[in-house]
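First up is the structure itself, then whatever we jot down about it.
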Amino acid sequence: MCFSEILGERNKRVIFGVPLARGELPYLTSLVSHFPHHRGDQGTLCGGSLIAPNIVLTAAHCVFNEQTRAKALSIRVIVNDFALGKADKFEQEFVTDSFDIHPLYLKSNFDPSFDLALIYLPTKIDVCKEWPSIKIARLPIDPITKNITDDQLKMAACFHSGWGVTNDGSNAPVAQRMRVVNIDFRANQHQLGGRTFEVKGAAGSRPCFGDSGGPVYCDLSNGRYVVGIASQIGTTDEKKPVNSNVQECSQASTLEVADLRSQTYEIVRMIKERGLYEELLASYQICFPNGAGQ
Numbered sequence: 001m002c003f004s005e006i007l008g009e010r011n012k013r014v015i016f017g018v019p020l021a022r023g024e025l026p027y028l029t030s031l032v033s034h035f036p037h038h039r040g041d042q043g044t045l046c047g048g049s050l051i052a053p054n055i056v057l058t059a060a061h062c063v064f065n066e067q068t069r070a071k072a073l074s075i076r077v078i079v080n081d082f083a084l085g086k087a088d089k090f091e092q093e094f095v096t097d098s099f100d101i102h103p104l105y106l107k108s109n110f111d112p113s114f115d116l117a118l119i120y121l122p123t124k125i126d127v128c129k130e131w132p133s134i135k136i137a138r139l140p141i142d143p144i145t146k147n148i149t150d151d152q153l154k155m156a157a158c159f160h161s162g163w164g165v166t167n168d169g170s171n172a173p174v175a176q177r178m179r180v181v182n183i184d185f186r187a188n189q190h191q192l193g194g195r196t197f198e199v200k201g202a203a204g205s206r207p208c209f210g211d212s213g214g215p216v217y218c219d220l221s222n223g224r225y226v227v228g229i230a231s232q233i234g235t236t237d238e239k240k241p242v243n244s245n246v247q248e249c250s251q252a253s254t255l256e257v258a259d260l261r262s263q264t265y266e267i268v269r270m271i272k273e274r275g276l277y278e279e280l281l282a283s284y285q286i287c288f289p290n291g292a293g294q
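Using the UniProt record's numbering, the letters of the sequence shown correspond one by one to residues 1 to 294.
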């Protein structure tokens, strides 16, 4: 997995990534999860995406520790975050302990196909006002939108963003963007119905610890869609499988992504169980009135 442990106020960045402009991803969210083994200000840093006025999408392993089998006790969520550790007027901060993990994540022994979780904020955000307001990410769950095909993704400009460790060994001071290429859908169909795809960073950029849970998004003909969640880093070296603990991020040549197109039913089901589906649809009508993704 590619989360990052942080200690106190020490915030650690995508290797050779490009800094985002303020407001470029107005749904990008930073998360610091506090687990039972943490002390003081310790926590696990991940990324996420606001997908409804009070719902954040992230990776399941960001809120469930596989080694200790423990759930996060609390999560500090900063929506529309930009510079780690530096508050500004454009972001909103919350603390919550309310979240749902994909039920097959545990049953499948942490298969990355099901590496997703929904975090519920204690209050709703007023989204999609005039810039620089917070917006929601568009997922491939809109019934009006036809299925996004593999060929469409391969032809699109796709990116991943987060605060993962960079070439200097610390987390990014501001959110980074990494263009992803060579999308590979081979043999990543899970028998329980999940799906992943694998990508590489363009122009020498590489994913690293701290990028977990962040969005993988593609610019399609009708707008921008978040199509995946950063799950784990790996290498093409046969001696280091994709799920190995890569110590040096310079060796991490690939990023395995939970494919959200195969999880639309489960995402909708979890949201409906919380009684929030109608609100999700209402926010889509506000944020995407003409069917264009942001």
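C-beta: ideal position from N, C-alpha, C; glycine also.
### Task
Return yes when the Cβ of residue 115 is within less than 7 Å of the Cβ of residue 231, no when it is not.
yes
### Query
Going by alpha carbons, who is nearest to residue 54 out of 257, 36, 93, 288?
93
### Task
Excluding the 5 residues preceding and the 5 following residue 153 in the sequence, name in chain order all residues of the same chain whose CB lies nearer than 7 Å to its CB.
183, 218, 227
### Query
Sorted by chain position, which residues of the same chain lie with C-beta nearer than 7 Å to residue 122's C-beta, five sequence neighbours on each side aside?
94, 96
### Query
Between residue 29 and residue 77, which are expected to be in contact by the criterion C-beta below 8 Å, what is the C-beta distance as a whole number of angstroms?
6 Å
#### Entry: residue 138 to residue 273 span [Cα, whole Å]
20 Å
### Message
Please give me, in chain order, every unbroken run of the alpha helix (DSSP H) with length at least 4 that falls completely inside the region 78-162.
### Response
103-107, 150-155
### Message
Going by beta-carbon coordinates alone, are residue 179 and residue 197 separated by less than 7 Å?
### Response
no
### Sub-7 Å separation of residue 317 and residue 62 beta-carbons
Outside the shown range of the chain (1 to 294) lies residue 317, about which nothing can therefore be said.
### Query
For the beta strand (DSSP E) that contains residue 32, what are its first and last residues?
28-34
### Task
With a cut-off of 8 Å on the beta carbons, I'd call residue 136 and residue 52 a contact; round off their distance for me.
6 Å
### Query
Are there 16 or more other CB atoms within 10 angstroms of the CB of residue 242, so buried, or fewer, so exposed?
Low confidence applies here, because residue 242 scores a pLDDT of 40, under 50, leaving its location unreliable; read the following figure in that light. Burial call: buried.
### Message
Please report the distance separating the alpha-carbon of residue 140 from that of residue 82.
### Response
25 Å
### Query
Between the C-alpha atoms of residue 79 and residue 64, what's the straight-line distance to the nearest angstrom?
20 Å
#### Entry: Rounded distance between the beta-carbons of residue 46 and residue 60, thought under 8 Å
The Cβ separation is near 10 Å, so there is no contact.
### Task
Starting from residue 46, follow its DSSP beta bridges and name the residues at the other end.
31
### Message
Contact defined as beta carbons within less than 8 Å: I believe residue 31 pairs with residue 174. What is the distance between those atoms, to the nearest angstrom?
### Response
Not quite, the Cβ-Cβ distance comes to about 17 Å (not below 8 Å), so this is no contact.
### Query
Considering only residues of the same chain and omitting the five flanking positions on each side of residue 177, which have a CB-CB separation below 7 Å?
17, 18, 20, 159, 161
### Query
In whole angstroms, what is the alpha-carbon distance linking residue 90 and residue 214?
19 Å
### Collapsed DSSP secondary structure at residue 176 in the structure displayed
strand
### Task
Output yes or no for whether 7 Å exceeds the beta carbon distance between residue 255 and residue 233.
yes
### Message
residue 75 and residue 49 - do their beta-carbons sit closer together than 7 Å?
### Response
no
### Message
Please identify the residue among 157, 156, 281, 276 whose C-alpha is closest to the C-alpha of residue 119.
### Response
276
### Query
With C-beta atoms as the reference, is residue 220 less than 7 Å away from residue 156?
yes
### Query
Do residue 106 and residue 192 have their CB atoms nearer than 7 Å?
no
### Query
When every heavy atom of the ligand ADP is checked, does at least one fall within less than 6 Å of the C-beta of residue 62?
The ligand ADP is absent from the structure shown, which contains no ligands of any kind.
### Message
Do residue 68 and residue 38 count as a contact pair if the criterion is CB distance below 7 Å?
### Response
no
### Query
What is the C-beta distance between residue 229 and residue 57, in whole angstroms, given that I count them as a contact (C-beta under 8 Å)?
7 Å
### Query
Between residue 110 and residue 70, is the Cβ-Cβ spacing less than 7 Å?
no
#### Entry: residue 72 versus residue 257 - alpha carbon distance
22 Å
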